[in-house]
Structures are given as C-alpha cells and as structure tokens.
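Here is the structure we will look at, set down as structure tokens.
Protein chains: 2
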Amino acid sequence: MNLDFFFYPSSVAVFGSFKKGAIAYEILRNIVEGGFEGKVIPVNPKGGTVEVGGKTFEIREKLDEQVDTAIIAVPAKIVPALIDEIGPLIRGAVVISAGFSEVGNEKLERELVEKALKHGVRVIGPNCAGIFGVHGKFFGSFEVRVKPGGLALISQSGAFGGAALAMGNDERIGFSAFVSYGNAADLNESDFLKYFADDENTKAIALYIEGVKDGRRFLKALRYASSKKPVIVLKAGKSASGAKAAASHTGSLAGSYEIYHAAFKQAGAIEVEEMEELFDAAKAFEMYQRAGKRVAVITNSGGPGVLATDKLERLGLEIAKLDEKTVEELRSFLPPQCSVKNPIDLIADADYERYRKTIEVVCRDENVDALLVICVPPIFILSEEIARAVIEAECGKPVIVNFMAGELIKDGVELLDEHGIKNFPTPERAARVLKWLSMR
Amino acid sequence: MNLDFFFYPSSVAVFGSFKKGAIAYEILRNIVEGGFEGKVIPVNPKGGTVEVGGKTFEIREKLDEQVDTAIIAVPAKIVPALIDEIGPLIRGAVVISAGFSEVGNEKLERELVEKALKHGVRVIGPNCAGIFGVHGKFFGSFEVRVKPGGLALISQSGAFGGAALAMGNDERIGFSAFVSYGNAADLNESDFLKYFADDENTKAIALYIEGVKDGRRFLKALRYASSKKPVIVLKAGKSASGAKAAASHTGSLAGSYEIYHAAFKQAGAIEVEEMEELFDAAKAFEMYQRAGKRVAVITNSGGPGVLATDKLERLGLEIAKLDEKTVEELRSFLPPQCSVKNPIDLIADADYERYRKTIEVVCRDENVDALLVICVPPIFILSEEIARAVIEAECGKPVIVNFMAGELIKDGVELLDEHGIKNFPTPERAARVLKWLSMR
C-alpha cells in the first residue's frame, strides 16, 4: 500500500485549537518551522488567525478544498462526524485525539473507522503522537524535530517515540520517518513495515511494539521488510508484570514472549533488548548492511581491548586469527612493545601513521571480516589525529569505532561524524554492534 | 596500612622532564592547576625553571629535603638508583615509568622494589598512570581532573582508568581518589581496597581488574572492604581470548572467570558486566547504601513503564503489590484515566502535584522498598517542574530517576543533579541500578 500521502504529502490540514500550547498549534508550528513546502491549512469553526514561524495563517472555519492528509486534534466525540464531513476531501487522517478504545470507548473508535473507510480514507491513530516524513520536511507531530537520514521509527507508544527521537538527536541519528500509531484502529505496524520496506529514503527500520493483533500478517510483513533492509525490534511487555502493564497501556494482548522472540528470529529481524541498544543498532545499520563474524580488535590501550574481546566472544563472535603474512607485516613497522596478536595493541603513543597503516594491513587479511578500532587518546595525542587515520585508511570492510574519554575525544568524534562514522562510547557497546551486523 | 602519604600528601617531588608535553611536566601542571596546597618540588639534574599555572618553579638538581611522595617519570633503567638515592627522604614513590616486567624486565622491577623496601619506601607502579587524592586536591597523574565526591577508583589498566575518569566527569560522578597501580610491583589492589575501606571520604569503591596474583589475600581484602562500603568490580579477561589478551597486557594470569565470579559473590562485592555499568552503579551508590527488592514504578508514559517493569522482573526484582489503602488514596486524587496498579501511570499531562503526591503516597506503602520514577516530559510541561516534584516529595526510601528525551530534559536533569539526585538515561539502566542496590 502506498502511504506517500502521509509521509510525503503536498498539502495538509490541521484541525484543533490554535491557542499557544494547544496540540494543534504545536503541530502547526512544527510543520511550519520544519520547512514544509506544501500547503498548510489550519481549521477551526471559530475562524480567526494564527501566527507561527513568522507567518500569519487564516484559520478556515471548515475545510473546503482537497488535501492529502488531515491531522486531527479535536475532542474524541466529534471525530467521527468530522471525518464523515471531510472524507471526500482527504486521503489520510492522523487522529491525535485520545479517548477511544484505550479508555473503553470501542464503539466510538469503530464509528471513526467506519466513517473513514466509507470515504476510502486511511487512518493513523487515534490516540497517537503523529507522524514525520523527514525527507519531505513534513513534521506532523508535536515531537521534537530530527535531522534527515535513513532510519524509519515505528512506535506503538507515543511517549516512547518522542523520547526515542530526542535521544536519537543526541546520538546523531538521521531519520527518514516517524510514526506513532496509537490504537491502530485502521493502519498498524504491518502496514508501516511494508511501506517503509519499499521507501527509498529508508535504510533501516526501528520498531517498538508491545503486542500485535494479527500475528500472521505481522510475521509476513516483518519477513518482507527484513528481506529488504534491517529491521530492529524492541519488544516491550516480555515479563508477566510487563505484559500486564502493556495490556493496560495499549490494550495489547502481549502473548507469550517466546512466540514473539521466535517470530523475530524466523523473520530475520534484529531483536534488541534495551532502548539504548535500539540507537546503537540504528547507528550501525546507518553505516553498514552487515558484517561477518571474524573480528580484529585494534587498540592503543590494553584494558579496553580486553573488555571488547570478552564481549565479542561472549556474544558468539570470533576473534579473528590473523594470517602469518599480516603478523609479519605488522611486525615490520610497529614498535617491538606492540602486541601483534589479536587484539592488536598499538600502545599509548600510537599516532596517525601507526593507526592508519595497521587498519589497512589488517583489512587486507582474508581471515578478518570486520574491524573494531578503539582509542583512548593520551594527553600528547589529539583525538582528531586518530580520527583522521580512521577516516583516511583504505579499508572496504566494516570498521566500528570506540573512542572514549569524555571531553578529550569530543573533536575526534565530531570529525568522525562529519565523515559518516558513528562512535560507540564503550568497548562493549561497539562489540555488541558487530553482533547485530553479523545477524544479517 | 595507612597510605595517607600517597593520597593526602603535604609535600611531593616530581622527577622527569619539564618540557611542555612531557609526562613529568603534565603531572606537575595537574598538581599545580588542581590547587594542591602543599609543597611541590620539580627535580631534574639539568636544573633550570619551569612555568606552570602562572607560577615559576625552580627545578632542583636533586631532592634535598623530606617529602611525603615522589612521582617518578624518568627512564626505567635509572629508577632503582634514583629510589636508592632519595629513599631516606620519601615515604612513597609513584613510578610512572614503563619498561619493567610488562616488557620482560622482571629483574629491573625486582631491583626497584628491593631498593624501596630497604628504605621502608612503599611503591605504586611501575608502568602506571599515577594517583589522585581528590579531597586533598592532589592530582598526581596526567589524567583529566575530576570533581570531589565519594568514589575511589582503583584501576589495573591506566588507560581504562583515564577513560573512566573522563567518562565519570560526563556522568557527573564525584571522586575521592584514583589509583592506577600498573605492574603492582609492591602495593596492589588488596592494599588499596583495605585503605579505601577505611578512608572516610570514600563512600564507594570501583575496581577494574584483569587478574590478581594472591587470590587469598585479595578475597580477604575484598570481603573487608565490602563489609564497610559498596565495592563495584569490573573484571576483564573473562573469555578465553580476553584472558589471553589480559596476559599480554598486564601479565595477569587471569585464571578461570568462574572462580573470580564466585569470589566476588562470596565477598559481597557488586560485580558489573560492562564499563557503562560501572558508572551507573557508582552513581547509585553515591546516593544510597542499599534498597529492598520490592519496587514501585511511577511514570507518565506507558511504554517506558513497561520497559522498566520488564527489566526489573528479568533481574529478579519484584513489582511491589501496592496495599489496598495506597490504591484507594491514589484513586482519590488521580484522574480516572490513570492506572493505579504498579506500574502507576500518571499519563502525559502529569504535573508537579500529581508526581509529588503520588511519590509520597507510594513511599508510605509498607509493601514498597524503592521507587523508580520515570518522566518523558510532553511539550506542555517543563522537565524542571517534575524535577522539583521529585526533589520536594517527602520520601525516606530510595528513589531512582529516569528522565528522558535529550534536550527537553536538560534543565530538569541539571536541577536534580544540584540536589544530589542522579538521572539514569533509560528505563532499563534505572532498573538495573535497583538490582545492584538490592545486592547490599
């Protein structure tokens, strides 16, 4: 199903109150300040004007022209009638309003969907936080705006989605789209999985779910999406108490977690365990499609190298056995105190040359699938110097980077980021990323 | 053993080169800029002067007066003779210089120790990154300075220690002391554990080890320290490859990890699995000594509440069953859409009053040992408002806080921090912290 009218609309109408701080006002502000280039129409029966982003908009008393998408933040009880009224003029409705099945008003929700389907209108929500189509500069939600990139985030929980977007900004993740689908009265996770699988701006999909209603359809959609691009899944409601909490939150019958776990595996999805891991995985898949299991660790400090090695092995990856030729070549230019076994310890005073050459030599080794490069810059070496070595080293294999030491590495990490290389803040998180890359 | 002359010295001498960028210069700079109030004497046979921190120091050609501690960064081969020479004038020596047993020079290292012991001088190192005594404003290392607080960090790896200090700054952790003990030719982890166990400025101890030489002594010291205060241990070299890497790094025979694991447990230490967890645990123990297992989760957003619940249960904690009186009391003032089961969902528009009152009511419940308070601030509520509710709520039980959403919560997190309340950035990390607190 083509959902471009939601994520790349050319015109939208926003329904609700346009007082400062009101949901509809905040969404309108986000759309305008986000640089949306299509037509934006605020609608409220009281009319008037609203100033936002330096522009003044006339508030229409009713919608009187065709738009792609309507964003609706009016009281729940009048939503069905509104949809019936504007049905002939819209293709999709994003219903932000709460007060439907999540508080027991199943009947009102059914009515909403019936009216929509009667007009061939597709619905996202109700009880949701809205949507983003980042490459179309369309921020149809009150959540924090994000920079364009390859990650589509599908979230059953609005608050989780909002927090994830904000944390994604902190982690310098670029997004293609965001959808909070709330009660999923019409469109649900399966529809979005299929749509983003075919969306050319989306390089990876992240999915937060508590439960799904139609397991068979979900599995099929997940398998399809995973065949096209990495799908990272965070399942909440795994434990008995968590499942009960999920039931009272989104009304999801979470079902046995074991079934979900097996389904994710079978479909080829990347399941993560924690919120933080969702971002780490997203960062990794923004850079690489996959990586083999045989890892070489290159470090300038022993301890972190040992921690990475421990974690890699614990996660079932292999510490690559370097070819004798590689060992010899490394020996030829590395100082004698350096360890040329894997992990390769370049010791504290490792500079640009030592890092770059080592990365290149190790990268050529046929026993190595991926590299994990660690740097704890000592006072006498700038982190940018090592960052440049990583950036400039000729290597066609995945290189996962762990620079660490707070303030000391800020400039190096920024430089890496400018070249599309994400930093992972601890050896263990870097190692875990290689695990996910090896699952594709 | 009283090691105050290392961590609270009244006078120190620094040996080495005082050219800018040289190790001895950087250590001198750290001592001076760190505000050390005792006497500082740079020593180098060439004499001259060195300017640092706006002061000019005369470089003495040799040490000619009594000092507590000597910090030595001269070539390895002349260290034993230097120690023999200054032995009568010093109580402790911190040997930064590398080139001893870690590169096969066992003989030189033995000689160093023999000379020191002959004069009754105790040695830290060689091949180490130095020490901090933060409350004595003594920064005898080239690592980044930290703010005063309760954590003593003992690290077998210098680079790990340096990275940990810098990351600790990012995590707003306060330190009492830092010691990188390198090859541990004389003093080792057991000595420092015992010393910090009795140091009144130290509230918790964090220990990074790859391996220990005298297991029986270590176990005894660990048990002693754990009986006095929380000891957080991160063991590296757990896996087969990791142990091999550790052997080439610090020469540690890491031994079977299962033995270490059992020893940590038996001694009552808090073992963490990853570097990041070391900080989370340190933050928790800076606030609380311990917590019971029955946790109440208070949140304004369902999804994160479910994630926290999942993690708590997975870690063997209990989702507290609230007393009927508590449920009734919550019902009396919370809006009907709120869930008063545990997790308690205050829903998105929860304000100061709703949070504060809920925390106080739940805190009085005898079935509750600890509280996990989650907040994802919606656009119309400032994170400071919820932070104030947490700060001002009257509650004598441990409260662990998870505010999240990047930029949106910056001010709230800062306000919490000013009141000694640390924030944990994800529901899962907050949950894990309660696990560690329950282990004491």
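Chains as they are written, first to last, in full-length UniProt numbering: chain A, 1 to 440; chain B, 1 to 440.
Just so you know, even glycine gets a beta-carbon here, dropped at the ideal spot from N, CA and C.
With DSSP as the reference, identify every bridge partner of residue i, one or two as the case may be.
{"i": "A/ILE270", "result": "A/ILE232"}
{"i": "A/LEU371", "result": "A/ALA296, A/VAL399"}
{"i": "A/SER239", "result": "Per DSSP, none; premise fails for A/SER239."}
{"i": "B/SER180", "result": "B/GLY130, B/SER155"}
{"i": "B/LEU207", "result": "B/ILE154, B/VAL233"}
{"i": "A/SER339", "result": "A/ASP345"}
{"i": "B/PHE175", "result": "B/LEU151"}
List the residues of chain A whose Cβ lies closer than 9 Å to the Cβ of residue i, in chain order.
{"i": "B/LYS21", "result": "Looking at the sequence provided, one finds Gly at residue 21 of chain B rather than Lys. Residues of chain A passing the Cβ test: ILE379, PHE380."}
{"i": "B/GLU407", "result": "VAL144, ALA166, ASN169, ASP170"}
{"i": "B/ALA350", "result": "Here the premise fails: no neighbours, minimum Cβ distance about 11 Å."}
{"i": "B/VAL103", "result": "PRO336, GLN337"}
In three-state terms, what does DSSP make of residue i?
{"i": "A/PHE160", "result": "helix"}
{"i": "A/LEU322", "result": "coil"}
{"i": "A/ILE344", "result": "strand"}
{"i": "B/PRO148", "result": "strand"}
{"i": "A/LEU278", "result": "helix"}
{"i": "A/ASN423", "result": "strand"}
{"i": "A/MET287", "result": "helix"}
{"i": "A/GLU329", "result": "helix"}
{"i": "A/ALA405", "result": "coil"}
{"i": "B/VAL212", "result": "coil"}
{"i": "B/ALA245", "result": "helix"}
{"i": "A/GLU366", "result": "coil"}
{"i": "A/ASP186", "result": "coil"}
{"i": "A/ASN2", "result": "coil"}
{"i": "A/LEU317", "result": "coil"}
{"i": "B/LEU334", "result": "coil"}
{"i": "B/ASN169", "result": "helix"}
{"i": "A/ARG440", "result": "coil"}
Determine the extent of the alpha helix (DSSP H) in which residue i is found, giving its start and end residues.
{"i": "A/LEU28", "result": "23-33"}
{"i": "A/GLY412", "result": "410-418"}
{"i": "B/ALA387", "result": "383-392"}
{"i": "A/GLU102", "result": "Looking at the DSSP string, A/GLU102 is not in any alpha helix (DSSP H), and its letter there is neither H nor E."}
{"i": "A/ILE379", "result": "Note, A/ILE379: premise wrong, no alpha helix (DSSP H); not H, not E."}
{"i": "A/GLY303", "result": "302-314"}
{"i": "A/GLU360", "result": "352-363"}
{"i": "A/LEU193", "result": "189-198"}
For the beta strand (DSSP E) containing residue i, name the first residue and the last one.
{"i": "B/VAL297", "result": "294-299"}
{"i": "A/ARG122", "result": "122-124"}
{"i": "A/SER256", "result": "Here A/SER256 belongs to no beta strand (DSSP E), and DSSP marks it neither H nor E."}
Which bits of chain B does residue i rub up against, with CB to CB less than 7 Å?
{"i": "A/VAL306", "result": "GLU210, ALA236, GLY237, GLY242, ALA245, ALA246, HIS249"}
{"i": "A/PHE142", "result": "ILE379"}
{"i": "A/ARG314", "result": "SER239"}
{"i": "A/ASN309", "result": "It should be noted that the sequence gives Thr, not Asn, for residue 309 of chain A. Within chain B, the residues near A/THR309 are SER239, SER241, GLY242, ALA245."}
{"i": "A/VAL233", "result": "Residues of chain B passing the Cβ test: none, with the nearest at roughly 13 Å."}
{"i": "A/VAL390", "result": "The premise fails here: A/VAL390 is roughly 17 Å from chain B at the closest Cβ pair, so nothing lies under 7 Å."}
Name the chain B residues that come within less than 8 Å of residue i, Cβ to Cβ?
{"i": "A/PHE139", "result": "None at all; the shortest Cβ gap to chain B is about 13 Å."}
{"i": "A/PRO427", "result": "MET275"}
So residue i contacts chain A; which residues on that side make the cut at Cβ distance below 7 Å?
{"i": "B/MET404", "result": "ALA163, MET167"}
{"i": "B/THR69", "result": "Those do not exist, as B/THR69 stays about 21 Å from chain A at its closest Cβ, beyond 7 Å."}
{"i": "residue 443 of chain B", "result": "Given that chain B is displayed from residue 1 to residue 440, the structure contains no residue 443 of chain B and the question cannot be resolved."}
{"i": "B/PRO343", "result": "ALA245"}
Under the criterion of a Cβ to heavy atom distance below 7 Å, does residue i qualify as lining the ligand FAD?
{"i": "A/TYR288", "result": "As presented, the structure is devoid of all ligands, the ligand FAD included, so that no description of it is given."}
Applying a beta-carbon distance threshold of less than 8 Å, which residues of chain A neighbour residue i?
{"i": "B/VAL413", "result": "Simply none; closest approach about 12 Å."}
{"i": "B/PHE175", "result": "Ordered by position in chain A, no residue passes the 8 Å Cβ test against B/PHE175, which lies about 13 Å from the chain."}
TODO: At 4 residues or longer, and completely inside the UniProt domain "CoA-binding" (6-100) of chain A: list those alpha helix (DSSP H) runs for me, N to C.
DONE: 23-33, 79-86
Task: Within the segment 106-144 of chain A, ranges of the alpha helix (DSSP H) (whole runs, at least 4 residues) - done: 106-118
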